[in-house]
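Reviewing the structure listed below.
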Amino acid sequence: MKLSQRITHLTEGGSDGWDVFYRARQMISDGYAVTELTIGEHDIRTDASILEAMDLSARQGHTGYAMVPGTDLLRDTVAARLRARTGIPTTRNNVLITPGGQSALFAAHVAVCDPGDVGLYLDPYYATYPGTIRGAGAVARSIQTTAENAFQPRAEQIEAAADGAVSLLVNTPNNPTGVVYSRQTLEGIAEVCRQRDLWLISDEVYDTQVWEGEHISPRTLPDMAERTLVVGSMSKSHAMTGSRCGWIVGPEEVISHLINLATNTTYGVPGFIQDAASFALNAGNDLEEQIAEPFRRRRALAVGILDAQNTIEMVPAQGAMYLMLDIRATGLSGDEFANALLDSHAIAVMPGESFGSAAAGHIRVAMTIDDERFASALSTICTFAAELAEHHAVVS
Ligand code: PMP
1269 MKLSQRITHL TEGGSDGWDV FYRARQMISD GYAVTELTIG EHDIRTDASI
1319 LEAMDLSARQ GHTGYAMVPG TDLLRDTVAA RLRARTGIPT TRNNVLITPG
1369 GQSALFAAHV AVCDPGDVGL YLDPYYATYP GTIRGAGAVA RSIQTTAENA
1419 FQPRAEQIEA AADGAVSLLV NTPNNPTGVV YSRQTLEGIA EVCRQRDLWL
1469 ISDEVYDTQV WEGEHISPRT LPDMAERTLV VGSMSKSHAM TGSRCGWIVG
1519 PEEVISHLIN LATNTTYGVP GFIQDAASFA LNAGNDLEEQ IAEPFRRRRA
1569 LAVGILDAQN TIEMVPAQGA MYLMLDIRAT GLSGDEFANA LLDSHAIAVM
1619 PGESFGSAAA GHIRVAMTID DERFASALST ICTFAAELAE HHAVVS
């Protein structure tokens, strides 16, 4: 039987740059002790207080269908959070609760892209982006950012790619680069969106993990609230990846249509999960800071380790739970380096190439293991890179 183009072309096929990830997984299931620095998942579990709120809600009967747009309580809580963080007027009518940020990214593209429209995204990119855009029926077009500009996109690059485009997807703090977009970068992005009449889909799921500079939501820039769809999530801020709870914040008209989409796709998010999320968001900043703290600490450790060597260059690690390391001095691609590192030291990292071509010659290191093992693995990576670089200098 014939399958739809949309489903068969969702991924581009092949496993470019992901081989090392699957090899590490296989080694682990074969019983090898692999230091796993590939995936963006906390090394702590959801806080007990949040689980208690979830348990209480479920026991009180919030296990039936919940309101499709989200409970009033959670929509109000998310709206209040955005008002407090941005000063932009936001009510529950601007909020749709979704099963995680990923589903919000998909819904946002469905809301603004017609079949065949171009959806822009920036390379390097979070692995699902092109598939999400294609899944929504649009044509995914990437824009290369450069290591030389710390992977901050320039307005003229976006402008040059904008023909036929209806949307631009951005992510700050950024996965995989760890970069936080500057006000200047965001103003450039906003300017192109206004000029070329683009929707801006702003993935802000790492907004509580900022180590340097400040997180600026582009929705706050002049005339941007009317054309920006903010994607948020409980996954990273509250270590609730498995709870699948996120949101889209945007203009009321868009949200009203997105509620129809939710009615016909997800049919909402479990009530006890939403109650747990409301509890967690109302628990205030301390809880969020507590969850971000291990990454802040490890990022500081990493800066110390990397400052003491001169083979690897670190892309400024300003936010999110990753380090993007430039290993081009070794003469290897990110893919070759990651495979060699796994073979020789049983340390698994992601090749930059798995996030597009702009991060070729880089590796992404997730800061998701305890401090001591993290520091030790990073030191090993540095020594390994230095040896390779020395060999490379001799042979070339
Ligand atoms: N955006 C980015 C940049 C991510 O890294 C992730 C998860 N790794 C998501 C969105 C989706 O997160 P979730 O669906 O768990 O909210």
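With the first letter of the sequence shown counted as 1, position 288 gets the number 1556 in our numbering; the numbers rise by one all the way through. By construction, the Cβ of each residue, glycine as well, lies at the ideal position given by its N, Cα and C atoms.
Query, Result
"Would R1327 be called buried (16 or more neighbouring beta carbons within 10 Å of its own) or exposed?", "exposed"
"Roughly how far, in whole angstroms, is the beta-carbon of I1573 from the beta-carbon of L1489, given that I think they are within contact range, below 8 Å?", "In fact, because the Cβ distance is near 37 Å, the residues do not count as touching under 8 Å."
"Using a threshold of 7 Å, is the CB atom of L1373 nearer than that to any non-hydrogen atom of ligand 1?", "yes"
"Which partner residues of Y1389 appear in the DSSP bridge assignment?", "S1410 and L1437"
"Considering D1603, what are the terminal residues of the alpha helix (DSSP H) in which it resides?", "G1602 to H1613"
"Can you tell me where the beta strand (DSSP E) with T1366 in it begins and where it stops?", "V1363 to T1366"
"Under three-state DSSP, which class holds L1646?", "helix"
"Consult DSSP for I1523 and reduce its assignment to one of helix, strand or coil.", "helix"
"Where do the ends of the beta strand (DSSP E) carrying S1505 lie?", "Unbroken run through S1505 is the alpha helix (DSSP H), M1502 to S1505; no beta strand (DSSP E)."
"Ligand 2 heavy atoms versus the CB of S1505: any closer than 7 Å?", "You won't find ligand 2 in this model; what it holds is ligand 1."
"Would you mind reading off the limits of the beta strand (DSSP E) that contains D1344?", "Note, D1344: premise wrong, no beta strand (DSSP E); alpha helix (DSSP H) at D1340 to T1354."
"Short check: CB of T1345 to CB of S1546, under 8 Å?", "yes"
"Taking 6 Å as the limit between beta carbons, can you name the residues of its chain near L1436, skipping five residues before and five after?", "L1388, L1466 and L1468"
"Counting C-beta neighbours from all protein chains within 10 Å, is the total for Y1590 16 or more, i.e. buried, or is it exposed?", "buried"
"Quick one: using the 10 Å Cβ neighbour count with 16 as the cut-off for buried, is P1562 buried or exposed?", "buried"
"Would L1373 and T1400 be called neighbours here (beta carbons separated by less than 8 Å)?", "yes"
"Rounded to whole angstroms, how far is the Cβ of A1530 from the Cβ of M1492, which I believe are closer than 8 Å?", "So it is not a contact: roughly 24 Å between Cβ atoms."
"Excluding sequence positions up to five away, which residues of its chain have a Cβ less than 7 Å from the Cβ of Q1477?", "P1441, K1504, A1560, F1563, G1587, A1588 and M1589"
"Given this structure, state the Cα-to-Cα distance separating M1508 from A1301, to the nearest angstrom.", "26 Å"
"Measure the alpha-carbon distance for Q1577 versus I1411 and round it to whole angstroms.", "32 Å"
"Measure the C-alpha to C-alpha separation of A1347 and A1544 and round it to an integer number of angstroms.", "16 Å"
"Is V1386 near ligand 1, going by C-beta to nearest heavy atom under 7 Å?", "no"
"Between C1513, A1352 and A1597, which lies nearest to T1339 when the distance is taken from Cα to Cα?", "C1513"
"Straight-line CA distance for W1286 to P1357?", "42 Å"
"Grouping DSSP H, G and I as helix and E and B as strand, with all else coil, what is M1618?", "strand"
"Can you grab the Cα-Cα spacing for the pair Y1474 / D1603, in whole Å?", "26 Å"
"Under a Cβ-count criterion, where at least 16 other Cβ atoms within 10 Å of its own Cβ denotes burial, should H1659 be classed as buried or exposed?", "exposed"
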